Amino acid sequence: MPLKFLNQFDDNQILDLLNYVYEETSTHKVKQVQVFREPDRKDEFGNQVYLVSAWDDGYHIGMYSIQDFTMRKHFSPNVPDARLRDYIASIFGEEYLNALMEFYNIKAYKEIERIKSTLGAGRS
81 MPLKFLNQFD DNQILDLLNY VYEETSTHKV KQVQVFREPD RKDEFGNQVY LVSAWDDGYH
141 IGMYSIQDFT MRKHFSPNVP DARLRDYIAS IFGEEYLNAL MEFYNIKAYK EIERIKSTLG
201 AGRS
């Protein structure tokens with residue numbers, strides 16, 4: 081699935097997004113980003129993802145995989161991606177919230193199907 085909201089951001093807006101997401105936990109401020117927006121860069125489920133590299137001048141802050149509803153920082157287990165959703169919702173409002181509901185509905189359906197496929201497995 082292609083990105084619907086993030087694809088409307090330019091590099092400066094992505095820079096602002098990263099600073100917002102990490103404003104409470106980072107000692108560095110993102111000053112430069114390089115955004116890889118290839119339409120065929122996808123996650124394991126076939127959803128488009130942006131790869132973003134961020135710097136504070138000469139200091140490389142990190143590499144991020146960012147989608148409309150989730151993000152992760154490579155080599156780091158803790159990403160406050162709820163703040164990503166807060167930020168994007170503040171821009172797109174109800175349209176984003178409706179899409180977020182659909183995102184979680186799809187995720188729940190996939191998890192239910194996964195669990196159903198395991199029922200009875202390993203039982204004698």
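Numbering (the working numbering) for the sequence shown: 81 to 204. C-beta: ideal position from N, C-alpha, C; glycine also. Since the structure is predicted, the reported quantities are computational estimates derived from the model, not experimental observations.
Nearest neighbour of residue i, chosen from the options [CA to CA]
| i | options | result |
| --- | --- | --- |
| Leu131 | Ile146, Ile141, Gly142 and Met81 | Ile146 |
| Met143 | Met151, Ser133 and Arg152 | Ser133 |
| Asn121 | Lys190, Leu83, Lys196 and Tyr184 | As written in the sequence, residue 121 is Arg, which differs from the Asn given in the question. Here the closest residue by C-alpha is Leu83. |
| Val129 | His108, Arg152, Val110 and Arg194 | Arg152 |
With 16 other Cβ atoms within 10 Å as the buried cut-off, status of residue i
| i | result |
| --- | --- |
| Lys196 | exposed |
| Tyr176 | buried |
| Gln88 | exposed |
| Asp148 | buried |
| Ile186 | exposed |
Helix, strand or coil at residue i [DSSP, three-state]
| i | result |
| --- | --- |
| Lys143 | A quick correction: the sequence has Met, not Lys, at residue 143. Three-state result, Met143: strand. |
| Met81 | coil |
| Ser204 | Unreliable placement is indicated for Ser204, whose pLDDT of 46 sits below 50; the coordinate value is still reported in the next sentence. Ser204: coil per DSSP, three-state reduction. |
| Asp136 | strand |
| Lys109 | coil |
| Leu164 | helix |
| Leu180 | helix |
Limits of the unbroken beta strand (DSSP E) element including residue i
| i | result |
| --- | --- |
| Val115 | Gln112 to Phe116 |
First through last residue of the alpha helix (DSSP H) which encompasses residue i
| i | result |
| --- | --- |
| Arg121 | First-last for Arg121: undefined, no H or E at that position. |
| Gln93 | Asp91 to Tyr102 |
Any chain B beta carbon closer than 8 angstroms to residue i
| i | result |
| --- | --- |
| Val113 | Reference to chain B is not applicable here, since this structure consists of a single protein chain. |
Discussion item. Under 8 angstroms: do the stretch 167-179 and the stretch 106-115 share three or more Cβ pairs, one atom per stretch?
Written reply: No, the stretch 167-179 does not touch the stretch 106-115.
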